[in-house]
Amino acid sequence: MSSTHNATADAHAGGHDDHHDVSYLKPKGGMMVTIWDWMTTIDHKKIGVMYLFASLFAFFLGGVFALLVRLELFAPDVATLDAAGNPIIQGQIFNPDLYNRFFTLHGAIMVFLFIIPAIPAALGNFCLPLMLGAKDVAFPKLNLTSWYIYVVGAIFSVVAIALGGVDTGWTFYTPYSLDTPEEHWQVTFMTLGVFILGFSSIFTGMNFVVTVHKLRAPGLGWFDMPLFVWAIYATAIIQVLATPVLGVTVLLLALERIFKIGIFDPSLGGDPVLYQHFFWFYSHPAVYIMILPGMGIMSELIGVHSRKKVFGYRAVAFSSLGIAAISFIVWGHHMFTSQDALIGAIFSALTFLVAIPSAIKVINWIATLYKGSIRFNTPMLYGLAFLFTFSIGGLTGLFLGTLSTDMQLHDSYFVVAHFHYVMMGGAAIALFGGIHHWWPKMFGKMYNEPAAMLGCALVFIGFNVTFFTQFFLGTQGMPRRYSTYVQEFTTLHQISTIGSWILLAGFLVHLATFIHSLMAGKQAPPNPWGGLSLEWETASPPIEHNFHHEPVVHYGPYDFDDAVPPFCDPADYPLPDPLPPGEKSH
Amino acid sequence: MTTAPTDMTGDGASQTYWERYRHQPHWRNNDDEYTAAKLGMWLFLTTELLLFSGMFVAYTIYRILHADEFARASHYYLDWRVGAVNTAVLLISSFTVAMAIRNAQLNQQFWLKINLFITIICGLFFLVAKLALEYWPKYQKGEVPGGFFSYPGSHGYVPSDYDPLFLGVYWVATAIHGSHVLIGVLLLGWCLWRAQKRHFGPRHFTSLENVGLFWHLVDLIWIFLFPLLYLVG
Amino acid sequence: MTILTHTLTLAQERGALDRLIFGNQVGNSNFVESHDWLFMFIFWLCVLMFVVLMGAAAYFTLKYRYKPGVPQQRSASHNTPLELAWSIGPLIVMAFLFVWGFQGFMDAHVAPSGSEIVNVQAQKWAWNLEYDNGATTREFTTDLFGEEGQGKQVPVFAVPAGRPIKLQMISSDVIHSFWVPSFRMKFDVFPNRYTTMWFEAQTPTGPDPKDGLFLFCAEYCGAEHSQMAGIIKVLDPHDYNKWKQEMGVDTRPPVEKGASLYVTKACNSCHSVDGTPNTGPTWLDLFGKDRVFTNGSTGVADENYIRESILEPARNIVEGYPNQMNSYQGQLTEAEIRSLIAYMKTLSEAGRAALTPEETTSSEESEGAEEPESGA
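These protein sequences, in sequence, are chains R, C and B.
The working numbering numbers the first residue of the first sequence as 187 and each following residue consecutively.
The working numbering numbers the first residue of the second sequence as 570 and each following residue consecutively.
The working numbering numbers the first residue of the third sequence as 378 and each following residue consecutively.
Right, here's the structure in full:
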């Protein structure tokens, strides 16, 4: 793979002797000036990079809580007597109260601060205008506003942690979340933080929808857009339509705590199941806010690195919209064990529908590999890892969508394993694939490929060791959110905890590669992977206004059969042999 | 819908803001920018509608579960006349803000300001009426939501167990709506200030129109809230 | 410990995959057959689909890897019949899954007429089953969470084999969820609203609690969520009726009843009786002691103080403890409160001196029978 870099390295210098076309990363002056410039920037690339670092920091924070959770679960708490005959609890590292705060903060941080903003707001912000050939998103100032709203929401969450943390679970189910004494403000702060973060998400979504509608380059029709753009577009629609309901839900929850309005409080005549409906009306579509952009990244990774037009482009594009639409009508499957039987049955039937577009995507990605020219590098390894983990995540969903098996598996470790396979094995692995894919474009530096591949391998192994065991914990009867357990679950828990350490090692390797790349990485060529979408037609890192001239689109994002990628040596990216006469390719 | 004409000719040096207005650099032309802003605004209005739909759903469910109590509570605690006057006021304001946009399109700068001013007065009237005739007396009598409810009842009226819940829905729905009215008034004030500086005219009235759309939404939501809360039975 | 070894031997007799999947929670209810069959069907379906998909992916990846100098072949970028096939194929499978799952689900929702009704009262953090003769359990085990009698006491309940039981469940605080993994069934328990579930246990597990089935709380409910457990032992109908009768006639002296209530009413979640610090003050040496409250006042822990602390816990909070406890108003009869006070007396010097004869001698009539509809 290194030969491709060398051959195209000098192509970079080619077109930009114009001194106005400076890299967007070039400092504007002294340190204070540069900091001020970043803080007030309306450049989508800088905002995207700020989101990326913020959400990776949130990932680190949420990851620390996850490791603490796994650490506590390494051994069950066993009450016994020490040598002197005093009662002690063996195997308890953190008391249950602290443990409950850890898993709540792990969930809340990972969901609201990391995975929801990470792909759309970080990679989406950076890539979307570039992929559309635009100078910026539709509303650059609104974009900066969403960033600051995100910061304010994050501060609220941090205040909640500083006040002692929250122990309600990230779902804030009532009446438990109303139960902590009023003088403790952390739950109120956390819910208000989520309310504020919701607005950040809404504004980002609005911005992206309008950008896709209004700022496509000349010649870029809807079906010439990269599939990542389709996925971001579908995501943005969900963000706009679902997040307000979360907004009103957590707002009501905060009001419930402050003014005791009674809407969700059973002791005042309210209904806790109504809260669950409200919460999941947002939070189920939110699952697709997390996974859809990951699926978009997958299409890019598989398409570009196997040099094939993504198989069934239209089916993949429409399945994004299909998932977005179906995501709104399946929320009730989180309540099979609490709601009316008939409603449960309806939601089960609807839930199976969402499996179809997901299956279409996975099968089409695998079909894309057929007769490709597959290059093994970190982004592609992540793409293949995604196929593996996401397939497991998707298939295990069948157990949970089926009513009678869900009665057993609901709220067990099976569910924990399932959604980690989808959220982490799907969205987070896609995110890391995407970061490695666009890293050269974002920072103009290559990373150490063998080290990054090692990191990817460790993440893949660690992830599977950690979470595959949890399927069996669930089927064996281990409920979720337990700080301790009966002793027969010990072995599986210990394997899982050891897996979490392998996972940690993998991410530390990535951290080291990223730092090394920023400090001492080789200059990246404009198009290291031979991509055809528009972001590869500009310098790495891109110039301030993205393109010298508004690009005009002549070929599709995956027309590898017919077009030599810009800035690339045709020897490295040869066109396939022409078909024998009489056979049609497309 | 009218779109901003782009072929308007100014008269050189004496051009006002709206005459010389040029789109932000990432747009191709003023027209694209204007339609994009409007599309964005409509999306935002959708989110607002969904935000309130949460309240409507909560109301509907409790109304079905406790139909008689809610009807009784509505008649007892809420005065439909206050609601009706406020409805009328908001309807007038919706008309005047629509007129203001029309004035901008026709470059009737004086009437633009007059209509915006009337809209703001209507909005303020709504808020004052809400506070003085409803919130304050209710607060004093203890007709407040849920856990803080302390109204003992009078003249043969004994509060049911679900009166606090009804008042909870009433206070929250009207307070969220009221905060939107307040934000709307502030935005209209900003528009008036810009109109004073001759920012709006036939070639440029994007933010004025979007604020107008927002105001129509605030009005629309009240038109749903009024019968649901005041006229049940 | 003992539970572990026992269930392990039991599990030895089954296949390795069966052991890996269902662990030691050997199915023991009318739902097991259909559930386990459907589970294994989906399992093999998933294995098949996974192997096919990953096999194709691995094969393509290796076969079509980039080799310098070898030109890429052209290939189709879409194929409508093929794509339709792999869209509609799964849809048909899903339809079957839905129907089978729905059948099992409806069976689980409709209890057969003539089911015996058992009331379930859930609270932070204890389960309490009240049988149709008013009986509640007096059997406990400490094996689940500790060694040699050191673990938290959890209640042991009995259910009959081969007779349907319908649970009427209510919570007195937050949401809980009644889950017996061996029954392959769970349902949530709400405050202010009854929910029901039913089951018919199949094989007697015998009278020894260590052979019993686990009862877990599956809906997160706070600090001791993970120890809100119980043991369900399945008895043959004759033994079950006998057990129920025994539990129904409670002639024990109040001090002993108090010791039972200490567990069934979840006092043990926050108050230790051996001096260990916990969410609330320990009961060891409590009775007769001087208390300092957060509002600056002081008092002596006598009968009236304890009664007030049970019914209006928030009024006086002992210095150094959070205002955490819920009121037990309406959940305890006066007799039960007196039993608890009697039990607490046995835990301190001053208390033992203050014990009255009525508190330590058995009564003639059963008090368990007049237990109130709790949580109503």
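The beta carbon of each residue, even a glycine, is placed where N, CA and C say it ideally should be.
Residues that residue i contacts on chain R, provided the C-beta gap is smaller than 7 Å
{"i": "P594(C)", "result": "K321"}
{"i": "D565(B)", "result": "T523, S524"}
{"i": "T653(B)", "result": "P273"}
{"i": "V497(B)", "result": "The premise fails here: V497(B) is roughly 14 Å from chain R at the closest Cβ pair, so nothing lies under 7 Å."}
{"i": "Y731(C)", "result": "G455"}
Buried/exposed call for residue i, threshold 16 Cβ in 10 Å
{"i": "H225(R)", "result": "In the sequence on display, residue 225(R) carries Met and not His. Its Cβ having fewer than 16 others within 10 Å, M225(R) is exposed."}
{"i": "K619(B)", "result": "exposed"}
{"i": "R402(R)", "result": "buried"}
{"i": "F679(C)", "result": "exposed"}
{"i": "T629(C)", "result": "exposed"}
{"i": "Q462(R)", "result": "buried"}
{"i": "G707(B)", "result": "exposed"}
{"i": "R860(R)", "result": "With chain R represented from 187 up to 772, any question about residue 860(R) goes unanswered, as that position is not in the structure."}
{"i": "W421(B)", "result": "exposed"}
{"i": "R729(B)", "result": "exposed"}
Below-8 Å beta-carbon distance, residue i vs any chain R residue
{"i": "G400(B)", "result": "yes"}
{"i": "D601(C)", "result": "yes"}
{"i": "H615(B)", "result": "no"}
{"i": "A434(B)", "result": "yes"}
{"i": "Y726(C)", "result": "no"}
{"i": "F613(C)", "result": "yes"}
{"i": "I790(C)", "result": "no"}
{"i": "R391(B)", "result": "no"}
{"i": "L637(C)", "result": "As written in the sequence, residue 637(C) is Asp, which differs from the Leu given in the question. For D637(C), the answer is no, since every Cβ of chain R falls outside 8 Å of its Cβ."}
{"i": "R629(B)", "result": "no"}
{"i": "W660(B)", "result": "no"}
Cutoff 8 Å: residue i Cβ touching any chain B Cβ
{"i": "N151(R)", "result": "With chain R covering 187 to 772 only, the question about residue 151(R) has no answer from this structure."}
{"i": "L584(R)", "result": "yes"}
{"i": "A614(R)", "result": "no"}
{"i": "V426(R)", "result": "no"}
{"i": "Q372(R)", "result": "no"}
{"i": "E674(R)", "result": "yes"}
{"i": "T755(R)", "result": "For the sequence presented, residue 755(R) should be read as Asp rather than Thr. Closer than 8 Å: no."}
Integer Cβ distance of residue i from residue j, believed to fall under 8 Å
{"i": "G753(C)", "j": "W791(C)", "result": "Incorrect: roughly 11 Å between the Cβ atoms, too far for contact."}
{"i": "W705(C)", "j": "I447(R)", "result": "Not confirmed; about 18 Å, so no contact."}
{"i": "I689(C)", "j": "G758(C)", "result": "6 Å"}
{"i": "C642(R)", "j": "T591(R)", "result": "The pair is not a contact, with the Cβ atoms about 33 Å apart (cut-off 8 Å)."}
Contact set between residue i and chain C, taken where Cβ atoms lie within less than 8 Å
{"i": "F415(R)", "result": "In the sequence on display, residue 415(R) carries Val and not Phe. By Cβ distance, chain C contributes nothing, its closest Cβ being about 17 Å from V415(R), past 8 Å."}
Per-residue contacts from residue i into chain B (C-beta, under 9 Å)
{"i": "P282(R)", "result": "G599, A600, E601, H602, S603, Q604"}
{"i": "I552(R)", "result": "L430, M431, A433, A434, F437"}
{"i": "I279(R)", "result": "Result: empty, since nearest Cβ-Cβ is about 14 Å, beyond 9 Å."}
{"i": "S669(R)", "result": "A600, E601, H602, S603, Q604"}
Chain R contact residues for residue i, given Cβ-Cβ distances below 9 Å
{"i": "G715(C)", "result": "E442, F445, K446, I447, G448, I449, D451, L454, G455, G456"}
Chain B contact residues for residue i, given Cβ-Cβ distances below 8 Å
{"i": "S534(R)", "result": "F475, G478, F479, F482"}
Chain-ordered chain B contacts of residue i [CB-CB under 7 Å]
{"i": "F497(R)", "result": "S454, H455"}
Residue-chain proximity (residue i, chain C), Cβ-Cβ < 8 Å
{"i": "I388(R)", "result": "yes"}
{"i": "M181(R)", "result": "With chain R running from 187 to 772 in the structure shown, residue 181(R) is simply not present."}
{"i": "G438(R)", "result": "According to the sequence as given, residue 438(R) is Leu; it is not Gly. Output row for L438(R): interface = yes."}
{"i": "P412(R)", "result": "no"}
Neighbour list for residue i in chain R, Cβ cutoff strictly below 8 Å
{"i": "M562(B)", "result": "M593, Q594"}
{"i": "L734(C)", "result": "G448, I449, L454, G455, G456"}
Item to check | Every unbroken beta strand (DSSP E) inside the region 653-680 of chain B [3 residues or more] | outcome: 667-669, 675-677
Checklist entry - Can you list, in chain order, the residues of the region 598-612 of chain B whose Cβ is nearer than 9 Å to any Cβ on chain A? => result Reference to chain A is not applicable here, since the protein chains of this structure are R, C and B.
Checklist entry - In the region 522-603 of chain R, which residue ranges form an unbroken alpha helix (DSSP H) of at least 4 residues, counting only runs that do not cross its ends? => result 527-555, 564-587, 589-595
Item to check | Complete alpha helix (DSSP H) runs within the region 737-762 of chain C (minimum length 4 residues, chain order) | outcome: none
Item to check | Entirely enclosed alpha helix (DSSP H) segments - the region 694-724 of chain C, minimum 4 residues | outcome: 705-710
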